[in-house]
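> Protein chains in written order, with my numbering: chain A, 1 to 181; chain B, 182 to 285. Below: one structure in structure tokens.
Below you can see the structure in the form of structure tokens.
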């Protein structure tokens, strides 16, 4: 049975541009949310998601139906976000907020900052990781910790993905607690 | 699992609900229509041909040219290199332009 995405893609490829709006409606929220995890800013997240939809439109013929449409769409989006962010200044400034949280133990962090601010600091630190580790962390949690889907979206082997996730955690641990394993 | 791992998991698992603006899809569709309404670009045959010819002539000039007769002027080899770079640039620009205007 064809999904709504299959139908819309076939119609767009057949020349009915307006059917692309159905795809935008269904996927705008996930794509904006994914972009937000990269930039932590609503307006910039919308700009990035818009670029991702345009790229998706231009590359629609490249979608091989053996992959789910969502998996292909997310991989296009991640590649757009990555290349757009490469052009921007390094987001290391985001780490500035974490200076206050740097300490020798997680208990001390608990004492210093409230839960909401701590969570936001961690999310910003993830967004400021080098792309090699940032993308796996963001997509893995965005995909509800589904290793197989994350690997497909990023075009990585599961073993490589696990190694990068592990390394990303080590970097974050070092940033926040000063500990290295 | 350490307490830091728990903190990390809790922070990243939490669903942040970012709603796209009310006109988000309209804006995407407007940009898309604008892109589609651009006149179709002709294959930049002459630009690519000129670039390739420039490359070929300059490679030949570079390989067969005499040594530099006047040190203060660019010699044939330097000239060939500059022109070859120019030729490559013309081809690259034409290719990028084609890629950017590609449609489904």
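Ideal Cβ positions, reconstructed from N, Cα and C, are used throughout, including at glycine.
(1) Tell me, please, whether the CB atom of residue 141 of chain A is closer than 7 Å to any CB atom in chain B?
(2) Grab the span of the alpha helix (DSSP H) containing residue 204 of chain B for me, first residue to last.
(3) Which residues in the same chain have their Cβ closer than 6 Å to the Cβ of residue 264 of chain B, if we skip the five residues on either side of it in sequence?
(4) Please check the pair residue 49 of chain A and residue 31 of chain A, which I expect to be a contact at CB under 8 Å, by giving their CB distance rounded to whole angstroms.
(5) Over what stretch of residues does the alpha helix (DSSP H) that includes residue 50 of chain A continue unbroken?
(6) Are the C-beta atoms of residue 127 of chain A and some chain B residue less than 7 Å apart?
(7) Tell me whether residue 138 of chain A is buried or exposed, calling it buried when 16 or more other Cβ atoms sit within 10 Å of its Cβ.
(8) By how many angstroms is the C-alpha of residue 71 of chain A removed from the C-alpha of residue 27 of chain A?
(9) With DSSP run on the structure shown, which of helix, strand or coil describes residue 163 of chain A?
(10) Let me know if residue 7 of chain A comes out buried or exposed under the rule of 16 or more other beta-carbons within 10 Å of its beta-carbon.
(11) Can you give me the C-alpha to C-alpha distance between residue 214 of chain B and residue 17 of chain A, rounded to a whole angstrom?
(12) What's the call for residue 272 of chain B, buried or exposed, on a 16-neighbour Cβ count within 10 Å?
By the coordinates alone:
(1) Interface residue, yes.
(2) Premise fails: residue 204 of chain B is in no alpha helix (DSSP H) and is neither H nor E.
(3) 235, 239.
(4) Yes, residue 49 of chain A and residue 31 of chain A are in contact; Cβ-Cβ is about 4 Å, under 8 Å.
(5) Judged by DSSP secondary structure, residue 50 of chain A falls within the alpha helix (DSSP H) whose first and last residues are 42-58.
(6) Not one chain B Cβ lies under 7 Å of residue 127 of chain A.
(7) Residue 138 of chain A counts as buried, since at least 16 other C-beta atoms from the protein chains shown sit within 10 angstroms of its C-beta.
(8) Rounded to the nearest whole angstrom, the CA to CA distance from residue 27 of chain A to residue 71 of chain A is 12 Å.
(9) In the three-state reduction of the DSSP assignment, residue 163 of chain A falls in the helix class, which pools H, G and I.
(10) It counts as exposed.
(11) Rounded to the nearest angstrom, the two C-alpha atoms are 8 Å apart.
(12) Buried, because 16 or more other Cβ atoms sit within 10 Å of the Cβ of residue 272 of chain B.
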